[in-house]
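Using this note's numbering, the letters of the sequence shown map in sequence onto residues 953 to 1362.
Using N, Cα and C, we set each Cβ at its ideal position, and we do this for glycine too.
Note that the structure is predicted; figures quoted are calculated from it, not measured.
Structure record follows, encoded as structure tokens.
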Amino acid sequence: METQLKDLHPTQGQRQPKPELSERSESIHYEGSTKDDRSLLKPESSSSSTSSSILISNESLEELEKKFAAFVRHDAYGPMGRGELSLEEKVLLAIAWVILVPIRVVFAISLLLLYYVICRICTLFSAPNREDDEQEDYAHMGGWRRAVIVQCGKFLSRIMLFAFGFYWIKERFRIPDNDDKSSAALNEVKDVCEEPERPGAIISNHVSYIDILYHMSSFFPSFVAKRSVAKLPLVGLISKCLGCVYVQRESKSSDFKGVSGVVTERVKEAHQDKSAPIMMLFPEGTTTNGDFLLPFKTGAFLAKAPVLPVILRYPFQRFSPAWDSISGVRHVIFLLSQFVNHLEVIRLPIYYPSQQEKDDPKLYAYNLRRLMASEGNLIYSDIGLPEKRIYLAALNGNNSLPSVLHQKDD
């Protein structure tokens, strides 16, 4: 990647520019977090030379926020959740940490253990489906075992959202009009009396790890995850029951081709077979602050199958549930400290690609992104994961960025 801080476009916050087609490689990513062991209640002092190299001036911060607007946090906790808090906020946090957070943590762990036991029982004496040495799942298992895994997974995911403070989820279903132009092929090849085709994948903007819980509670789809997830205690078995496609992020071209092929085959299978698990894909490749929509990678559209677009928004007043520019531990603690969290969902009609879109995955991705940005009132941004790495490195005081600047968006 040749992009440098001074070369980035300064107008990422505008709503009108035409989205650019990305030329980067088309794969789906699982976004990690930045290590952060700092105090949660107060920012670090700049008395020492080490801390002063980490802190950045207000002028530099404003310039960074203009260039990397899609990743900037705008809540009461400041950049990376390290901002100075008011006395009222500190009191609320103290109360939450003593009462609310422990209850939610215990409840969430109990739900995770319960579902793990259910998955373990349902997969006893059953061999996982294997596509190669790296891909295995229990999502292709049929009968009562699969039914129990799916229904319990949906129910417990919704209970987990409740435990995290998402007591009500506002869902809006957009019904297509007769003259709806959001899916050109629907008017070309679909008869009014014909049963609608099943989408091969769910396409969603990516804001937080909470996205996964919502989609599990609604669709129980298969995700793309880091290969290390399959080896994690508890979560590893659950991910196999979901039918996750595992990717080694550090791997280059050979791995990309393998994962892209597996995802394409899974999307085609879900489109053609109603019993197959549907794929859940985040074509942006990383999370945003929820106000922007990044360029779509085309890997999600190589199967030429219809997709179901879903738009997620997280309205907030104090802490933003967006998992951007903040460490994982800090984010979880602040999220659990909020008494109420909000989630709004817009489900669009199934998008049937035209023949032209089937022949050109970039056009397919471009048109769907334009539709989702319009329906969700999202702002176009032409930056992506490499720019996020630069932004996070700059916030952490790494001004040279020698390795970040040359990392590819794999």
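For Ile-1101, the uninterrupted alpha helix (DSSP H) run begins and ends at 1095-1115, by DSSP. Arg-1322 is the residue among Arg-1322, Tyr-1068 and Arg-1282 whose C-alpha sits nearest the C-alpha of Leu-1246. The count of Cβ pairs closer than 8 Å, one atom from the segment 1146-1166 and one from the segment 1110-1127, reaches three, so the stretches are in contact. In terms of CA proximity to Ser-1277, Thr-1238 leads the group Ile-1127, Lys-1178 and Thr-1238.
One Cα belongs to Ala-1317, the other to Leu-1044, and the distance between them is close to 43 Å.
When rounded, the separation of the alpha-carbon atoms in Tyr-1332 and Asn-1241 is 13 Å. In this structure, Tyr-1068 is the residue among Tyr-1068, Met-1032, Glu-1309 and Glu-1296 with its C-alpha nearest to the C-alpha of Pro-1185. In the displayed model, Glu-1296 falls within a strand according to three-state DSSP. Our two residues, Leu-1330 and Val-1219, have alpha carbons roughly 26 Å apart in a direct line. Annotation: Ser-1227 is outside any beta strand (DSSP E) and is labelled neither H nor E by DSSP.
Cβ-Cβ distances below 8 Å link Phe-1244 to Gln-964, Ala-1021, Ala-1022, Leu-1330, Ile-1331, Tyr-1332 and Ser-1333 in the same chain, with the five nearest sequence neighbours on each side left out; the list follows chain order. With respect to Val-1176, Val-1197 sits close: the two C-beta atoms are nearer than 7 Å.
For the 7 Å CB-CB criterion, Phe-1172 and Lys-1106 form a contact. Taking a C-beta distance under 7 Å as the contact criterion, Phe-1271 and Phe-1291 do not qualify as a contact pair.
One alpha carbon belongs to Ser-1038, the other to Tyr-1029, and they sit about 10 Å apart. The three-state secondary structure of Pro-1261, taken from DSSP, is strand.
Annotated three-state conformation of Arg-1321 is helix, per DSSP.
In this structure, Val-1259 sits near Pro-1151, with a CB-CB distance shorter than 7 Å. A check of alpha carbon separations from Ser-1279 across Lys-1019, Arg-1034 and Arg-1098 identifies Arg-1034 as the nearest.
Excluding five sequence positions before and after Glu-1309, the CB atoms of its chain that fall closer than 6 Å to its own CB belong to Leu-1315 and Tyr-1316, given in chain order.
Rounded to whole angstroms, the Cβ separation of Arg-1179 and Glu-1083 is 13 Å, and the two are not in contact under 8 Å. Per the Cβ contact rule, the segment 1334-1348 is not in contact with the segment 1289-1308 (fewer than 3 Cβ pairs under 8 Å).
Gln-1269 has its alpha-carbon roughly 14 Å from the corresponding atom of Glu-1040. For Ile-1121, the three-state secondary structure derived from DSSP is strand. Residues Phe-1268, Arg-1270, Phe-1271 and Ser-1272 of the same chain have their beta carbon placed closer than 7 Å to that of Asp-1027, with the five preceding and five following residues left out of the count. Per DSSP, reduced to three states, the secondary structure at Leu-1347 is helical. By the CB criterion at 7 Å, Pro-1261 and Met-1324 fall inside the cutoff. Ala-1346 and Glu-1236 have their C-alpha atoms roughly 22 Å apart. In the three-state reduction of the DSSP assignment, Asp-1276 falls in the coil class, being assigned neither a helical nor a strand state. For secondary structure counted as the alpha helix (DSSP H) over 4 or more consecutive residues, the segment 1155-1209 holds these complete runs in sequence order: 1162-1170 and 1187-1194. Between Ala-1252 and Ser-1174, the C-beta spacing is not below 7 Å.
Spanning the alpha carbons of Ile-1061 and Asp-1312 requires a straight line of approximately 45 Å. Per the coordinates, the alpha-carbon of Ile-1111 lies some 17 Å from the alpha-carbon of Glu-1123. Spatial neighbours of Glu-1017 in its own chain (CB-CB distance under 8 Å, excluding positions within 5 residues in sequence) are listed in chain order as Val-1024. In the DSSP assignment, Leu-1233 falls within the unbroken beta strand (DSSP E) covering 1231-1233. In terms of Cβ geometry, Val-1297 and Leu-1320 do not form a close pair [threshold 7 Å].
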